[in-house]
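Inspection log for the structure reproduced underneath, given as structure tokens.
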Amino acid sequence: MNTSRIAVVTGANQGLGRALVEGLAARLDEADLVLLTGRDPGRVEAAAREVARAPETRARVEGRVLDVTDTAAIAALADELRASHGGVDVVISNAVARVLPDESQSARADEFIDVSNVATHAVLRSFGAVLRPGGRLLVVASSLGTLGHLDPRLHPLFDGASLGEVERAVESWRGAVHDGSAERAGWPRWLNVPSKVAQVAAVRAVAAERRAADLAAGTLIASVCPGMVDTATSRPWFSDYSQAQSPRQAADAVLDLVLAQGADPALYGELVRFGKPLPWRDGTPLTEQDRLLTP
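Laid out in structure tokens, this is it:
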């Protein structure tokens, strides 16, 4: 078995994903391998080539086409890495579908949910099964992923839920968006809120099942909030970017978590921002924000 470290980053053509690949490539060793993944072959090839040639790069960098909405492809890549390397050491699930403020949230719901949630569930299942002892499996979410941002009627769907129950809650939400009952049931109009809560709940569900064994092995599963990042995806939503980080700055705190020795029990299964856990039940529903959005 090849004992070099293997890292996989999804949604890595640009923005935070690419910065995470760049940071891993600079901070891992020459024998290690970083897979930069995305769904556009040309962009994947170009980004991987540029990162590989950067003067600070030490690890090997390869591009790999991966459409995260294809759950079979996620499973196939995990199986391939198990067969060729005995598993994987770092997985950062970062892919997100871009939605602009003037676009219909309901019209974009399927793509958004498939990229942000269905893919997250598949990554947790497929790569969680091949994560080597001492590994890291991180899902990029946001501070909107705390339970308090949802209407209290929806809390039982996610609080203490299993991964299967989270999946069913996400599909119930999707159905409510399409049949027009979502707002009556308490779902926010802004897709990002229930999507992020569901991502964090999915991580918590998987972590709850594995906690004892993972902590004994120094393995960490968590969701991460990188803070405000100046990217093409987030820029249209905010008028003031004076406090925003560059993708490279935002990647640093995530990479510190990846490369820390052992697994901190206080961070295991939690939503982590700048090295500290955010309270799961924190936040308040963003009803005023919702009123500003296009139906």
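Letter by letter, the sequence shown follows residues -16 to 278 of the working numbering. C-beta atoms are modelled at their ideal positions from N, C-alpha and C, and glycine is treated no differently.
Distance CB(residue i)-CB(residue j) smaller than 9 Å
| i | j | result |
| --- | --- | --- |
| L121 | I204 | yes |
| D15 | A42 | yes |
| P116 | G169 | no |
| V123 | V79 | yes |
| R193 | G131 | no |
| L250 | W263 | no |
| I75 | A(-10) | yes |
| D62 | V113 | yes |
Counted within 10 angstroms of its Cβ, other Cβ atoms place residue i as buried (16 or more) or exposed
| i | result |
| --- | --- |
| A144 | buried |
| G258 | exposed |
| Q244 | exposed |
| G0 | buried |
| D162 | exposed |
| R151 | exposed |
| Q226 | exposed |
| D197 | buried |
| R172 | buried |
| L275 | In this prediction, L275 has a pLDDT of 46, which is less than 50 and means its spatial position is unreliable; nothing more can be read from the coordinates. |
| G252 | buried |
| G46 | buried |
| G(-6) | buried |
| L238 | buried |
| G6 | buried |
| S229 | exposed |
| L305 | Residue 305 cannot be examined here, being either before or after the span of the chain that is shown, -16 to 278. |
Residue-level contact to chain B via CB, residue i, 9 Å cutoff
| i | result |
| --- | --- |
| R10 | The chain inventory of the structure shown lacks chain B, comprising one protein chain alone. |
Nearest residue (CA-CA) to residue i, options the options
| i | options | result |
| --- | --- | --- |
| T54 | V98, Q88, E28 | V98 |
| G266 | S109, D197, V176, D50 | V176 |
| L261 | R187, R32, L107, E166 | R187 |
| L64 | L140, V237, V17, R91 | V17 |
| V180 | A29, A30, G(-6), S206 | S206 |
| R91 | A30, R157, F110, S76 | R157 |
| A(-2) | Q232, L254, A37, H138 | Note on residue identity: the sequence assigns Gly, not Ala, to residue -2. Measuring from the Cα of G(-2), the nearest candidate turns out to be Q232. |
| D(-12) | A8, N(-4), D142 | For clarity, residue -12 is Arg in the given sequence; the question names Asp instead. Measuring from the Cα of R(-12), the nearest candidate turns out to be A8. |
| V212 | A234, H68, I75 | A234 |
| C208 | H138, L242, T129, S155 | T129 |
Rounded Cβ spacing between residue i and residue j (contact assumed at less than 8 Å)
| i | j | result |
| --- | --- | --- |
| G118 | T202 | 5 Å |
| S89 | V160 | 5 Å |
| A31 | V44 | 6 Å |
Residue span of the beta strand (DSSP E) that contains residue i, given as start and end
| i | result |
| --- | --- |
| G117 | 114 to 123 |
| L19 | 16 to 21 |
| E45 | 43 to 48 |
| V34 | Careful: V34 lies outside any beta strand (DSSP E), inside the alpha helix (DSSP H) at 24 to 36. |
Residue i, enclosing alpha helix (DSSP H) - first and last residue
| i | result |
| --- | --- |
| L56 | The sequence given here places Ala at residue 56; Leu does not occur at that position. Run containing A56: 54 to 68, per the alpha helix (DSSP H) assignment. |
| L242 | 230 to 242 |
Proximity test, residue i beta-carbon vs the ligand GDP heavy atom, cut-off 8 Å
| i | result |
| --- | --- |
| A168 | Here there are no bound small molecules, and the ligand GDP is not part of this structure. |
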